[in-house]
Amino acid sequence: MPELPEVETVRRALERHATGRTIESVRGREVQLRRPLDIRRLRRRLPGHRLNGFRRRAKFLLVDLDPSGTLLVHLGMSGRLLLCDPASPLLPHSHLVLGLGPRLDLRFVDPRRFGLVSWLAPGDEAIDPSLSMLGLEPLDERAPFELPPLLHARRAPLKALLLDQRLVAGVGNIYAAEALWRAGIRPSRPGHRTALPRLERLVDEVRAVLSEAIEQGGTTIRDFSSPQGNFGDFAVRLQAYGHGGEPCPRCGRAMIDDRLAGRSTVWCRRCQH
Ligand code: ZN
17 MPELPEVETV
27 RRALERHATG
37 RTIESVRGRE
47 VQLRRPLDIR
57 RLRRRLPGHR
67 LNGFRRRAKF
77 LLVDLDPSGT
87 LLVHLGMSGR
97 LLLCDPASPL
107 LPHSHLVLGL
117 GPRLDLRFVD
127 PRRFGLVSWL
137 APGDEAIDPS
147 LSMLGLEPLD
157 ERAPFELPPL
167 LHARRAPLKA
177 LLLDQRLVAG
187 VGNIYAAEAL
197 WRAGIRPSRP
207 GHRTALPRLE
217 RLVDEVRAVL
227 SEAIEQGGTT
237 IRDFSSPQGN
247 FGDFAVRLQA
257 YGHGGEPCPR
267 CGRAMIDDRL
277 AGRSTVWCRR
287 CQH
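Numbered by the working numbering, the letters in the sequence shown go through residues 17 to 289 in order.
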């Protein structure tokens, strides 16, 4: 599943390769994604609009259109955005093709259909149900100050709190587990039972692991490719996620693979408490 660093990687690639392009054509058909893909509406709204800028909010991409409107994109479980030559063959599950001139297509491919592409009218961003519930952006400069007290005020396990989108937006299972391991904090430790300096350290580690992954272009994850169509060949060195049963890189004791809040959680009983 594309995580925040992958989405940020896609955003940066689109910014580099597609800013200033004009949408000339819209092809696709009505399919049921996370929200129904409304091709007729997109055909009415998009042609002639210029891609003015690319923003990210949690794992949503927001494409600012000139003169007006915003295209909201979520990659869901298996979504990809491909920038490619219009002559290149259409992959299965290519639900939407935006023609950006004679030499460039932007294609949305999503086999599992948990993604979304939706047009937002000016002003709708503030009231969109998916966007308006989102909490603090972990890489926002306010997060180191504002997030630790918010975690401290809650009784739930820290792992669950890190995954709660209303509290902190866009941190997935992989990065929550990794940050807890780095900070030496047990995933099941309740927020209110954790001293503030330890929570500050945890937030720092969340930010560090996300930033490292972004620098390396996102972790390599099945079903993800960068917009140019290259499968990610980069990987942040994850010490916890995916290493259940293996020796802890810090103390050598076998890491445990637990389930917490319905999600797999790898942690070290010796150095996380
Ligand atoms: Zn350990």
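Glycine residues also receive a C-beta, built at the ideal position from the N, C-alpha and C atoms.
Check the DSSP bridge columns for Q48 and list the partner residues they point to.
Bridge partners of Q48: P52.
Tell me whether S280 sits in a helix, a strand or coil according to DSSP, three-state version.
Look at S280 here: in three-state DSSP terms it is strand.
On the three-state DSSP scale, how would you describe A224?
In this structure, A224 counts as helix in the three-state DSSP scheme.
Taking 7 Å as the cut-off, does the CB of R205 come closer than this to any heavy atom belonging to ligand 1?
Checking every heavy atom of ligand 1 against the Cβ of R205, none is found closer than 7 Å.
Run through the DSSP bridge pairs and tell me what F161 is partnered with.
DSSP, once it has assigned bridges, lists no residue as partnering F161.
Report all residues from its chain with a CB closer than 8 Å to the CB of D54; omit the five preceding and five following residues, and keep chain order.
The residues are E46, S134 and W135.
Taking the alpha carbon of Y191 as the point to measure from, which residue in A159, Y257 and G207 has its own alpha carbon closest?
Scanning A159, Y257 and G207 for the CA closest to the CA of Y191 turns up Y257.
Checking 8 Å against the spacing of the C-beta atoms, do L77 and R32 come in under that value?
Contact check for L77 against R32 fails: the beta carbons are separated by 8 Å or more.
Given a threshold of 16 other Cβ atoms within 10 Å of its Cβ, counted over all protein chains shown, does M149 qualify as buried or as exposed?
The residue in question, M149, is exposed, as its Cβ has fewer than 16 Cβ neighbours within 10 Å.
Between L122, M17 and P160, which has its C-alpha nearest E40's C-alpha?
Among L122, M17 and P160, the Cα nearest to that of E40 belongs to L122.
Give the secondary structure of V26 by DSSP, where H, G and I count as helix, E and B as strand, and everything else as coil.
Under the three-state reduction of DSSP output, V26 falls in the helix class.
Going along the chain, which residues of its own chain have a beta-carbon closer than 6 Å to the beta-carbon of G188, five neighbours each way excluded?
Counting only Cβ-Cβ distances below 6 Å, and skipping sequence neighbours, we find E19.
Determine the direct distance from the alpha carbon of P203 to that of L196, and round the result to whole angstroms.
L196 and P203 have their alpha carbons spaced roughly 6 Å apart.
Below 6 Å CB to CB, which residues in the same chain sit around L167 once its five sequence neighbours on both sides are set aside?
Cβ-Cβ distances below 6 Å link L167 to L177, G207 and L215 in the same chain, with the five nearest sequence neighbours on each side left out; the list follows chain order.
For H90 versus K75, is the C-beta spacing smaller than 8 Å?
Going by C-beta atoms, H90 is nearer than 8 Å to K75.
Have a look at F124, S84 and L99 and flag the residue whose alpha-carbon is nearest the alpha-carbon of R43.
The residue with the shortest Cα to Cα distance from R43 is F124.
When burial is assigned at 16 or more other CB atoms within 10 Å of the CB, is R61 buried or exposed?
In summary, R61 is buried, with 16 or more beta-carbon neighbours lying within 10 Å of its beta-carbon over all protein chains present.
Who are the near neighbours of A34 in its chain, counting only those whose CB is closer than 6 Å to its CB and skipping five residues on each side?
Take A34, set aside five residues on each side of it, and the residues of its chain with a beta-carbon closer than 6 Å to its own are L67, in chain order.
Considering only the alpha carbon of each residue, which of G260, C100, V23 and V222 lies closest to L152?
Restricting attention to G260, C100, V23 and V222, the CA atom closest to the CA of L152 is found in V222.
For R72, is the beta carbon positioned less than 7 Å from some heavy atom of ligand 1?
Because no heavy atom of ligand 1 lies under 7 Å away, the Cβ of R72 does not count as near it: no.
What separation, rounded to the nearest whole angstrom, lies between the Cα atoms of T281 and D274?
In a straight line, the C-alpha of T281 is about 5 Å away from that of D274.
CB of R184 within 8 Å of CB of L163, strictly
Just to set this straight, residue 184 is Val in the shown sequence, not Arg. In this structure, V184 places its C-beta atom within 8 Å of the C-beta atom of L163.
Could you tell me the boundaries of the alpha helix (DSSP H) in which R198 lies?
First-last of the alpha helix (DSSP H) with R198: N189 to A199.
Tell me, which residues are paired with V42 by DSSP?
Its beta-bridge partners are L114.
Selection from K175, V219 and G115 that minimises the alpha carbon distance to F161:
Ranking the options by Cα distance to F161, first place goes to V219.
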